[in-house]
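To convert, note that position 1 of the sequence shown is 1 in full-length UniProt numbering; the numbers rise steadily by one, no gaps. Yeah, the Cβ is synthetic: ideal placement off N, Cα and C, and Gly gets one too. Here's the structure, in structure tokens; my notes come after.
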Amino acid sequence: MNGRFAPITSRCWTGYAISCSLAVISELRQGAADMRSTLIITGASGALGSWFVREWLSQHPASHVIALCRSAQAASRCLQDLPAHSRSRLECQIADLTDAESLNALAATLPAIECATAVHLAADVAWDKTFEEMHELNVEGAQLFCGFVQKLVRKPHFIYVSTAFTRCEGWTYRNGYEESKAAAERGLRETFGAQMPISVFSCSLVIGATSDGAISRFHGLYPLIRFINAFAPPFLVGNRQGLFDLVPIDWVVDELIHLVSHCVAGGEAREVVASAGDARLPYEQVIRIIESRVDHARQQAGIAPLTPAPILRSRQWAFLKRSLVAWRPEGISTRDFRYFERLLQIYGVYAESDLVRPPLNVRNPAPGAEVFLPKAVDYWLAHAPDARLSLDKLVAKSAAMHG
1 MNGRFAPITS RCWTGYAISC SLAVISELRQ GAADMRSTLI ITGASGALGS
51 WFVREWLSQH PASHVIALCR SAQAASRCLQ DLPAHSRSRL ECQIADLTDA
101 ESLNALAATL PAIECATAVH LAADVAWDKT FEEMHELNVE GAQLFCGFVQ
151 KLVRKPHFIY VSTAFTRCEG WTYRNGYEES KAAAERGLRE TFGAQMPISV
201 FSCSLVIGAT SDGAISRFHG LYPLIRFINA FAPPFLVGNR QGLFDLVPID
251 WVVDELIHLV SHCVAGGEAR EVVASAGDAR LPYEQVIRII ESRVDHARQQ
301 AGIAPLTPAP ILRSRQWAFL KRSLVAWRPE GISTRDFRYF ERLLQIYGVY
351 AESDLVRPPL NVRNPAPGAE VFLPKAVDYW LAHAPDARLS LDKLVAKSAA
401 MHG
């Protein structure tokens, strides 16, 4: 081209115009579909589900969402999480995902729907349960919900929300959660794959929002933050340089909304993996960020800072565990010490092994955890009741020692 623009021929211009027209038509179709869309969702009272429903209804003013809730209390939480002007477009129905009769009875009372997109978020997300303990909700529940959608909707698109810490084949499962999520996906494809498009959205460990650390439920990483804040553990377990995959909830929801919009517009089945990729942080850096924000809160309360916890490899922890009766850390009750052991077991798995699926089909790369993790810890310290209680106890203890 020698620094010059190539001439636009009439053929090129025609092709360009057709391409633009098709893009505009696609956008118009998607907008029209969004205007009349119906979603059927589970897990709407959870951290990810409540944020998704709020953002979806805000961005799609004519959309209608049917949420299957396990109890009236969960339904009430779903509505309370929404601004008043969106509540009329959220229809909460009570149903038990592990009870076929409950779902069949509900399907019989609802009017048939021509076209809808189902988003299955509900799951038992405990990392310390066996596959057998999680099978009923995570595997059978997914099957029953998909069957419910099939009965209710003539043209459904099913989105299964999974985890980036597993896959259906070629994976060594580190706990029952990973195994159950993979088994559920396999079961859905085998049973319903020929009858409806099934998309899968997998994300890694979700924490508070990029801007202010906000989140509505404190699960996932938060029990570890809680323990560091309350008990200043004498050590943690893991690979110091192993990469920890954290993603902020607002970014995850943006990616999920993009997938749901694609499905609502009649798009083909798609797989999305919303993981951090190159934005992952070493485990030790994650721990030091948590400790630094806890220290900031302690400083404001006039409490001595934490001693940075050394990070042991699992073989060192196994050796120490045999002599812990004589070594038990001061000030930790038997109950709390058992909790400490359980946390080491749960998080040690992911701190020792940084196996996670790389990002796939995301619109934007995940932001770096060094940006949002401090805000997430600060938000927990400011809003979690047990965070305030722990600080108050430490203040009282410090006052008694210096009184």
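Remark: C-beta atoms of Ile257 and Ile207 do not approach each other more closely than 8 Å. Listed in chain order, the alpha helix (DSSP H) runs fully inside the stretch 254–318 are 283–301, counting runs of at least 4 residues. The Cβ atoms of Trp251 and Thr210 sit closer than 8 Å to each other.
Within the same chain, Cβ atoms closer than 7 Å to the Cβ of Arg189 are found at Ile198, the five residues on either side in sequence being excluded. The beta carbon of Glu140 is closer than 7 Å to those of Thr98 in its chain, skipping five residues each way along the sequence. For Pro248, no alpha helix (DSSP H) segment is defined; the enclosing uninterrupted segment is the beta strand (DSSP E) at Leu246 to Pro248.
Rounded to the nearest whole angstrom, the C-alpha separation of Lys155 and Val349 is 41 Å.
Between the alpha carbons of Pro305 and Ala387 lies a gap of roughly 16 Å. Cβ-Cβ distances below 6 Å link Ile290 to Ile225, Ile228 and Val377 in the same chain, with the five nearest sequence neighbours on each side left out; the list follows chain order.
A distance of 8 Å or more separates the beta carbons of Glu352 and Asn175. Here Ser180 has Phe131, Met134, His135, Asn138 and Val139 as same chain residues with Cβ atoms under 7 Å from its own Cβ, once five neighbours each way along the sequence are excluded. Runs of the beta strand (DSSP E) lying entirely within the UniProt domain "Thioester reductase (TE)" (41–169), each at least 3 residues long, are 64–69, 90–94, 113–120 and 153–163 in chain order.
With a contact defined as Cβ atoms closer than 8 Å, Phe201 and Leu259 qualify at about 6 Å. Between Asp96 and the set Arg89, Ala107 and Ser88, the nearest pair of CA atoms involves Ala107.
Leu243 and Ser88 have their C-alpha atoms spaced approximately 43 Å apart. Less than 8 Å divides the Cβ of Ser45 from the Cβ of Cys78. One thing to note: Ala100 has its Cβ no nearer than 8 Å to the Cβ of Gly43.
Bounds of the beta strand (DSSP E) holding Ile198 are Ile198 to Cys203. Per DSSP, Val377 is one residue of the alpha helix (DSSP H) stretching across Ala369 to His383. Taking 8 Å as the upper bound for CB-CB distance, Leu48 and Leu121 are in contact here, some 6 Å apart.
Distances from the CA of Ala366 to each of Lys375, Ala274, Gly170 and Val161 were compared; the closest alpha carbon is that of Ala274.
In the three-state DSSP reduction, Thr38 falls in the strand class (E or B). The DSSP-derived three-state label of Leu243 is strand.
Under the three-state reduction of DSSP output, Leu224 falls in the helix class. If the five residues before and after Ser63 are omitted, its C-beta is found closer than 6 Å to the C-beta atoms of Ser37, all from its own chain and listed in chain order. Checking the DSSP bridge columns, you'll see Val206 partnered with Val247.
Separation of Phe158 and Phe235 (C-alpha to C-alpha, rounded to the nearest whole angstrom) is 44 Å.
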